[in-house]
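With our numbering applied, the sequence shown has no gaps in its numbers, which climb one by one up to 676 at the end.
Heads up, the beta-carbon is just placed ideally off N, CA and C, and yes, glycines get one too.
Because the structure is a prediction, the values reported are computed rather than measured.
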Amino acid sequence: MKKLILIILMFLYSNIHAKDKSENFSLVISGGISLGAYEAGYNWALLKYMTHLKHNSKTSIDMKSIAGASAGAINALMSSMAWCRKKEALDINNTIEDNLFYHMWTEVDFEDLFIDKFGVVDINNTTSLFSRIKIEEQANKIMNELNLPLYDKKCEVPFGFSVTRVLPMRVNINGIKIDNKLFQIPLKLVVDKNSNASIVNNYDVKRDNIIHLSKNSNPSDESIKKAMYASSAFPIAFEQVELDYIYKGQKQRARFLDGGVFNNVPLDLAIKLAKDDSSDYIFMDPKNLRLGLFRKSRELELEPKTSPINSAIELLLDIFSASESSVLYTTLSENFVDTNRNIYLSDRYFPITGMMLGHFGAFLDFGFREYDYYVGVYDAIINSARYACKGRDKECFVRAKVYIFDILTKESEKSKGFLNFLHYEEFGEFLVKDEFEVNNNLKKIYDSIKNIPNNNMRDFHTFINNLNKNSYVAQNSYLRHALKYPDEWHRQSLASIVHRIVTLERKNSTNLSKTISQVAAYTAGSFYRQKNGYVYNPISAPLDIDKLWIKYLPYELALSKNIISLGYENYYYFDNNSFLLPTAIELKPSFSFELYDKKNQTNFMRVDLNLNFEVKKDLLGFGFGASAYRDFDNKIDKDIDFGPNFYIDFLNMVRITATKRDDYSGQDWYIYAGINDIPSFVYWMFMD
């Protein structure tokens, strides 16, 4: 029966492409950090379908060029390999959950990137937040597959990356000297008569900002990988990459970073690589939405009023965005107005995790990246069917979707279930009528994100709460922490970032810059200090094994009239968000010493038992409770005295305390001005 259905589908599909004709297309892949997981699903699905079409359709179809930037650079190389697959190798290491795209983007996690005690050790990295070790492992797998005999004889695909030179190059164009930072690396994948693929320099592209990876035609695997790393070296997150390259016949060396900084959509490079042979350009943009679950609500939202500082920040961001848009605008206006070229923009219906946290959100968990990957596959089905049926009726669109679905989900019940479910959510009907079980984890992520309209921090907090309601089980330690403490979800990751930045400043900066970063880390401690359950001395400094002794230093250093006091903190934090309820209960023993001998004073111990409240979370708090006093030497009073105390906290760092000692023959009122988190101050300022 299944064979009969497949024969019928093949017959119906052949009607879609009944005409003998030639179609040429190019692919443009934008960057987007963890959006690479969504792009990977889209890329794989689009090319799996297109290569199947190439080998099984009357239509002559050829890919004329691929251009990528940032994460899109890595996908561009894999795309050239996917396109040149021979018919006999279409399913070898190339199924929906076993292919280069899937492994490259679902297997790289925050825990594989962060350089700190929660993540990886990368002693050679001295300039960035993240390690590239795991990405290098995946890149080696790509190069290994390139050396397998999986490719179509005489297949040839021009592709390339955009990169940004850290220090601009002064160039002379018609007597005008100008600084340029944007460069492009044109390459070509070629397959010989034995089905062996290789990557060569592409000398067909003639532009002033072209660089090549070697003097001869064949760059080394290492130089190709380094070029990919350079194009995807997002500033601060990943280390800049030093490239040896050829510019206008001369060997040069320079450091490069993310190609998406100035040209995140290298459409201009795709056009030059295609040499005017492409009629259609497919532009993959994860940010472009078709009318979906959350676009309607977004269109109705009013622009919020912002403060002058926020407005200034937004203006700076707009400047960078405008730089990217101006390049794309110029390319579109010069090449797609009054020409025979067509551009097809991908669109997305469902929200994805990669759009959250500044496009880093999908790195938080394997499940997030797998969900985004499948949404990418789904959108590729919809967009590919639309592309195949351009100018045809609705029935063509339906038949094409079913046919593409069958090609992509072969022998994968998991993908059939979830993709069929997504189709029902968008169109109100199943793509195929068979009953498939929907994967529980993917369904939980979808249920948690489907009604979230935006991608800001507040909405991520909502997403975390929704995941908890749906009993989602995280695989990543950062997400496990966020799910366990949803109101403090940011603390572990923020602590990792701050600690890494200060470590880098210590290694690379001048004394002034180093000191500023250390003071900033100390004063910002309130925003990433642990505040859940029982905590002894809630310090913000990292508890490295060789520095555990720091935690046992006094937590507070306070001064009163003729008195210095050293205090230790014990907190039990409650799980509540109400201003009217206490945040924590505090037990604080402290030791007060005379600065100079005075008749009505002595050295004494004070133990406070207080309730702590937060007026403004992490910024302003207060507390009150009872205190017990006992003199050390019985010089004034032999008894244990009691009294009330009240205090105000600023940033959990500065504390003003008023206490009264009842039934005491000496001084009965004390006003203390104290500095909290002394262990962290010692760590940041004096520990290497």
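Annotated as distal: E358 and T83, with beta-carbon spacing of 8 Å or more.
Between K46 and E99, the alpha-carbon positions lie close to 48 Å from each other. For A572, the enclosing beta strand (DSSP E) covers residues 572 to 582. For the beta strand (DSSP E) assignment, the uninterrupted runs of no fewer than 3 residues enclosed by the stretch 545 to 633 are, from N- to C-terminal side, 551 to 555, 558 to 561, 572 to 582, 592 to 604, 608 to 619. Under DSSP, no beta-bridge partner is assigned to N82. In the DSSP assignment, T503 falls within the unbroken alpha helix (DSSP H) covering 499 to 511. The residue among F385, S436, G364 with its C-alpha nearest the C-alpha of S403 is G364. Taking the C-beta atoms as reference points, G513 is found no nearer than 8 Å to S501.
Secondary structure at K648: strand, using DSSP grouped into helix, strand and coil. Rounded to the nearest angstrom, the Cβ distance from N525 to Y473 is 19 Å, too far for a contact under 8 Å. Rounded to the nearest whole angstrom, the CA to CA distance from Y559 to D532 is 22 Å. DSSP, reduced to helix, strand and coil, places F171 within a strand of the structure shown. Contact check for N113 and E11: beta-carbon distance about 45 Å, past the 8 Å limit, so the pair fails to qualify. In the DSSP assignment, G355 falls within the alpha helix (DSSP H) that extends over 354 to 376. Per DSSP, the unbroken alpha helix (DSSP H) holding L471 starts and ends at 465 to 472.
The C-beta distance from Q172 to N197 rounds to 6 Å, short enough to meet the 8 Å contact threshold. By the Cβ criterion, the stretch 616 to 633 is in contact with the stretch 594 to 603, since at least three pairs of Cβ atoms, one from each stretch, lie closer than 8 Å. By the 16-neighbour rule on beta-carbons within 10 angstroms, Q589 is buried. DSSP places V420 in the coil class of the three-state scheme, outside both helix and strand. Y269 carries a strand assignment under DSSP once its states are collapsed to helix, strand and coil. Counting along the chain, I123 sits inside the alpha helix (DSSP H) bounded by residues 121 to 134. Taking the Cα positions, G609 is about 9 Å away from Y635. Counting of Cβ neighbours within 10 angstroms places R643 among the buried residues, the total reaching 16 or more. Closest in alpha carbon position to A572, among N591, R158, G611, is G611.
With a cutoff of 8 Å on beta-carbon distance, T152 and K169 are scored as near each other.
With a cut-off of 8 Å on Cβ pairs, the stretch 68 to 83 is not in contact with the stretch 446 to 453, counting fewer than three such pairs.
Nearest C-alpha to D656 among N429, N44, K549: K549. V523 is positioned such that its CB atom lies closer than 8 Å to that of Y561. Secondary structure at M344: coil, using DSSP grouped into helix, strand and coil. When the Cα atoms are used, K275 and F338 turn out to be separated by approximately 11 Å. Note that the C-beta distance between V486 and Q506 is not below 8 Å. Under the three-state reduction of DSSP, G662 is assigned to strand. For a cut-off of 8 Å, the C-beta gap from M216 to A61 is around 5 Å, short enough to register as a contact. Counting C-beta atoms within 10 angstroms of its own C-beta, Q240 has fewer than 16 neighbours from the protein chains shown and is therefore classed as exposed. Within the model, the alpha-carbon separation for I624 versus Y510 is close to 39 Å. In the DSSP secondary-structure assignment, A59 is not bridged to any residue.
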